[in-house]
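> Protein sequences appear in the order of chains A and B.
Using this note's numbering, you'd call the opening residue of the first sequence number 175 and step up by one each time.
Using this note's numbering, you'd call the opening residue of the second sequence number 175 and step up by one each time.
My structure is below; once you've seen it, I'll send some questions.
Number of protein chains: 2
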Amino acid sequence: MDPDAKIDFEASLYPYQQLAGILRARVARGDWKPGKIIPSESRLVQEYGISRDTARRAIRVLVEEGLLFTVPQRGTFVRER
Amino acid sequence: MDPDAKIDFEASLYPYQQLAGILRARVARGDWKPGKIIPSESRLVQEYGISRDTARRAIRVLVEEGLLFTVPQRGTFVRER
DNA sequence: TTTCATTTGTACGTATGTATT
DNA sequence: TAATACATACGTACAAATGAA
Chain A
175 MDPDAKIDFE ASLYPYQQLA GILRARVARG DWKPGKIIPS ESRLVQEYGI SRDTARRAIR
235 VLVEEGLLFT VPQRGTFVRE R
Chain B
175 MDPDAKIDFE ASLYPYQQLA GILRARVARG DWKPGKIIPS ESRLVQEYGI SRDTARRAIR
235 VLVEEGLLFT VPQRGTFVRE R
C-alpha cells in the first residue's frame with residue numbers, strides 16, 4: 175500500500191480499510207516511530223477528508239493487529255516491537 | 175445480572191455495558207439456545223430503547239467474549255459450547 | 001490553583017449498500 | 001416487490017481525563 179495514497183470513495187474497498195492500509199504503510203515507512211504518538215482522530219479527519227467514525231474504524235483495525243495501542247484521553251501510539 | 179433488567183440511563187455503567195450484561199444473562203437463562211439467533215440490532219433498539227450504536231457495542235462485547243458470533247446480513251447467534 | 005484546549009469514549013440520528021427472506 | 005438484517009459512513013453532541021498555560 176502506498177503510504178501517500180488518498181482515500182478513494184469510489185473504490186470497492188471501504189474507506190476505513192483503505193485508511194488502515196495507508197496508516198500501516200506510514201508506520202512501516204517510519205513516519206511515526208515505536209512509542210510515538212500518531213495524529214489524533216480529528217487530525218486524520220482533516221487530513222483524509224473522512225469522518226471520525228471512519229478514522230476510529232481504521233485505528234481499531236491496527237490496534238487489533240497489535241501495531242498500535244490507544245491511551246484514553248491521550249492518543250494512539252505505535253507499539254514497541 | 176438480572177436478565178429482565180432495563181437500561182438505566184442514570185447509572186454509572188454505560189448503557190452498552192448494561193445491555194451486554196443483560197444479554198449475557200439471557201443467554202445463560204436459555205432465552206436463546208446455542209446455534210440459535212438472537213434478536214436483531216433493530217429489535218434490541220426497540221426493546222431496550224437504545225440506539226443501534228449501543229446495541230452493536232453490547233453485541234461486540236459478547237462476540238469478543240466468544241459467547242456470540244455474527245453472520246453478516248443474517249444475524250447474531252449463540253456460539254455452541 | 002484554576003482555566004482551557006485537546007483527545008478519546010460514548011450515544012444518538014440518518015443514509016446508503018448488500019444480501020437474505 | 002417488499003421487508004428484514006447487518007456493514008459502513010456521514011453528522012452532531014456531550015462526558016471524562018489529560019496536560020499546558
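C-beta: ideal position from N, C-alpha, C; glycine also.
All values derive from a computational prediction rather than experimental measurement.
1. Could you tell me which residues DSSP pairs with threonine 244 of chain A in its beta bridges?
2. For aspartate 182 of chain A and alanine 179 of chain B, what's the separation of their Cα atoms in angstroms?
3. If you compare alpha carbons, which of B/Arg234, B/Ser186, B/Glu184 is closest to leucine 197 of chain B?
4. Can you give me the Cβ contacts of isoleucine 211 of chain A inside the same chain, cut-off strictly under 6 Å, excluding the 5 residues immediately before and after it?
5. Where does valine 201 of chain B land, buried or exposed, given buried means 16+ other C-beta within 10 angstroms?
6. Just how far apart, CA to CA, sit methionine 175 of chain B and serine 186 of chain B?
7. Could you check where the alpha helix (DSSP H) with leucine 193 of chain A kicks off and where it finishes?
8. Given serine 214 of chain B, which residues of its chain have a CB within under 7 Å of its CB, disregarding the five upstream and five downstream residues?
9. Does DSSP put isoleucine 211 of chain B in a helix, in a strand, or in coil?
10. Can you give me the C-alpha to C-alpha distance between alanine 229 of chain A and glycine 209 of chain A, rounded to a whole angstrom?
11. Roughly how many angstroms lie between the CA atoms of aspartate 227 of chain A and tyrosine 190 of chain B, to the nearest whole one?
12. For tyrosine 222 of chain A and phenylalanine 243 of chain A, I'd like the C-alpha separation in whole angstroms.
13. Going by beta-carbon coordinates alone, are alanine 194 of chain A and proline 177 of chain A separated by less than 7 Å?
14. Using the beta-carbon count (16 or more within 10 Å), is glutamine 247 of chain A buried or exposed?
Let's see:
1. Along the first sequence, read from residue 1 onward, the residue named residue 244 of chain A stands at position 70. DSSP output for threonine 244 of chain A lists A/Thr250 as bridge partner(s).
2. On the first sequence, residue 182 of chain A is found 8 positions in, with the first residue counted as 1. On the second sequence, residue 179 of chain B is found 5 positions in, with the first residue counted as 1. Using only the alpha carbons, I get a separation of about 45 Å.
3. One-based indexing of the second sequence puts residue 197 of chain B at position 23. Nearest option by C-alpha distance: B/Arg234.
4. Numbered from its first residue, the first sequence carries residue 211 of chain A at position 37. Answer for isoleucine 211 of chain A: Gly249, Phe251, listed in chain order.
5. Numbered from 1 along the second sequence, position 27 holds the residue referred to as residue 201 of chain B. Classification for valine 201 of chain B: buried.
6. Within the second sequence, residue 175 of chain B is the residue found at index 1, counting from 1. Within the second sequence, residue 186 of chain B is the residue found at index 12, counting from 1. If I take the Cα positions, the gap works out to 15 Å.
7. Taking the first sequence and counting its residues from 1, one reaches residue 193 of chain A at position 19. It spans 189-203 - the alpha helix (DSSP H) in which leucine 193 of chain A sits, taken as one unbroken run.
8. Mapped onto the second sequence, residue 214 of chain B falls at position 40. Closer than 7 Å at Cβ, skipping near neighbours: Gly249.
9. By one-based count along the second sequence, residue 211 of chain B stands at place 37. If DSSP states are grouped into helix, strand and coil, isoleucine 211 of chain B belongs with the strands.
10. The sequence position of residue 229 of chain A within the first sequence is 55, counting from 1. The sequence position of residue 209 of chain A within the first sequence is 35, counting from 1. Those two C-alpha atoms are separated by around 20 Å.
11. Position 53 of the first sequence holds residue 227 of chain A. Position 16 of the second sequence holds residue 190 of chain B. Between aspartate 227 of chain A and tyrosine 190 of chain B, the C-alpha separation is close to 18 Å.
12. What you label residue 222 of chain A is simply residue 48 of the first sequence in a count that begins at 1. What you label residue 243 of chain A is simply residue 69 of the first sequence in a count that begins at 1. When rounded, the distance between both Cα atoms is 21 Å.
13. Translated into positions along the first sequence, residue 194 of chain A becomes position 20. Translated into positions along the first sequence, residue 177 of chain A becomes position 3. Against a cut-off of 7 Å, the Cβ pair of proline 177 of chain A and alanine 194 of chain A comes out as no contact.
14. Taking the first residue of the first sequence as 1, we reach residue 247 of chain A at position 73. A residue is called buried when at least 16 other Cβ atoms come within 10 angstroms of its Cβ; glutamine 247 of chain A does not meet this threshold and is exposed.
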